[in-house]
Amino acid sequence: MQHPVTAAPIPERVRTLAAGAAPTHVSVPGSVLPASAVRGGVDAQGRPVLLVKPGEPLYDLADEIVVTVDLVATRTIDATDRARGMLKVRGWAQPVPGEDLRAAAIAIAERCPDEDLFAALESRGPRLIRVDVAQVVYLTGQESGVLDAEEYLAATPHPLLDAAERMLHHVNSAHRAQLVLAVAKLLGGPAPHAWLWELDRFGATVRTAPDHLIRLPWPDPVTSATELEQALACLVCAH
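See the structure below:
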């Protein structure tokens with residue numbers, strides 16, 4: 001009997017986390033400077049792009065410098081943001097070239113909107129600093145490890161990411177009572193704290209407690225948003 005694939009390959013999962021993650025801190029290895037808070041996002045290639053304001057440590061950067069950027073992906077559970085995973089991206093920071101500024105700003109704005117992006121595009125104060133990836137350390141709560149640049153950059157976020165996020169938010173906000181009943185039936189006991197945590201082409205992950213995640217794979221990987229919606233509907237209506 002062939003068992004279903006339960007989850008995407010690690011590089012795809014890490015790139016998926018990165019696509020929705022926000023930078024929180026940047027540090028310069030070997031420097032006496034402490035890690036500093038930072039804003040920004042991740043571009044279409046998975047590279048952190050930092051929105052740096054005058055007076056911040058990297059603002060006057062002219063040449064490449066090795067940095068480590070912390071990226072955190074969150075999920076809103078009961079009106080509170082909970083960490084889904086943390087990535088530590090080490091690489092070479094340099095100003096985003098002028099010809100790439102607009103694309104980088106648009107990529108950030110789609111996930112992490114910020115009014116200062118417009119000022120950065122117009123060279124009015126803030127600057128955009130891009131980190132070319134050398135290594136990515138990932139910690140998802142259940143798994144941890146290291147990806148080299150080739151593994152990370154060769155992967156892509158899962159292809160149904162945007163549709164999956166819309167569906168997940170819809171279920172958690174409008175159909176959670178049905179989800180709780182369905183998960184209780186699957187587990188054979190009450191699951192009052194069940195929330196959808198992850199949703200992708202291979203299955204769904206349900207959070208039933210702060211440190212307890214349950215993976216529910218689809219019988220076969222889905223290949224379209226319509227198939228994903230149907231699979232999710234079957235899960236939610238399982239009661």
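Note that UniProt numbering numbers the sequence shown so that position 1 is 1, with each residue one more than the last. We put the CB at the ideal spot given by N, CA and C, even for glycine.
Query raised in the report: Just the Cα atoms here: how many angstroms apart are Ser36 and Pro57?
Result: Between Ser36 and Pro57, the alpha-carbon positions lie close to 8 Å from each other.
Query - Span of the beta strand (DSSP E) around Gly75 - result: It should be pointed out that residue 75 corresponds to Arg in this sequence rather than to Gly. From DSSP, the beta strand (DSSP E) with Arg75 extends over Ile65 to Ile77.
**Report entry** Cutoff 6 Å; reference Ala104; Cβ partners in own chain excluding five residues on either side
**Finding:** A distance below 6 Å between beta-carbons, with the five flanking residues on each side excluded, links Ala104 to the following residues of its chain, in chain order: Asp43, Val49, Val96 and Leu128.
**Report entry** Strand pairing of Ile129, partner residues [DSSP]
**Finding:** DSSP output for Ile129 lists Leu50 and Pro95 as bridge partner(s).
Query raised in the report: Are the segment 157 to 166 and the segment 116 to 133 touching by the rule of at least three beta carbon pairs closer than 8 Å?
Result: Taking one beta carbon from each stretch, the segment 157 to 166 and the segment 116 to 133 have fewer than 3 pairs nearer than 8 Å; the two do not touch.
Query raised in the report: If you compare alpha carbons, which of Glu151, Gly98 and Val28 is closest to Glu12?
Result: Out of Glu151, Gly98 and Val28, Glu151 has the C-alpha closest to the C-alpha of Glu12.
Query - Distance, Ala184 Cα to Ala93 Cα - result: If you take the alpha carbons of Ala93 and Ala184, they lie about 48 Å apart.
Query raised in the report: What is the rounded straight-line gap between the Cα of Asp162 and the Cα of Tyr138?
Result: Distance between the alpha carbons of Asp162 and Tyr138 is about 22 Å.
**Report entry** For Glu150, three-class secondary structure by DSSP
**Finding:** DSSP places Glu150 in helix when its eight states are reduced to three.
Query - Completely contained beta strand (DSSP E) runs for the segment 189 to 223, where each covers 3 or more residues - result: Listed in chain order, they are 195 to 200, 203 to 209 and 212 to 217.
Query raised in the report: Are the segment 84 to 93 and the segment 111 to 122 touching, with three or more C-beta to C-beta distances below 8 Å?
Result: Touching, no, given that fewer than three Cβ pairs across the two stretches are closer than 8 Å.
Query - DSSP three-state assignment for His158, whether helix, strand or coil - result: Reduced to three states, the DSSP call for His158 is coil.
Query raised in the report: Since Val236 is in the alpha helix (DSSP H), which residue starts that stretch and which ends it?
Result: Here the alpha helix (DSSP H) through Val236 covers Ala225 to Val236.
Query raised in the report: In chain order, what residues of the same chain have a beta carbon less than 7 Å from the beta carbon of Leu186, not counting five sequence neighbours either side?
Result: Beyond the five residues adjoining it in sequence on each side, Leu186 comes within less than 7 Å, by CB distance, of Ala238 in the same chain, given in chain order.
Query raised in the report: Buried or exposed: Ala154, going by 16 or more other Cβ atoms within 10 Å of its Cβ?
Result: Exposed.
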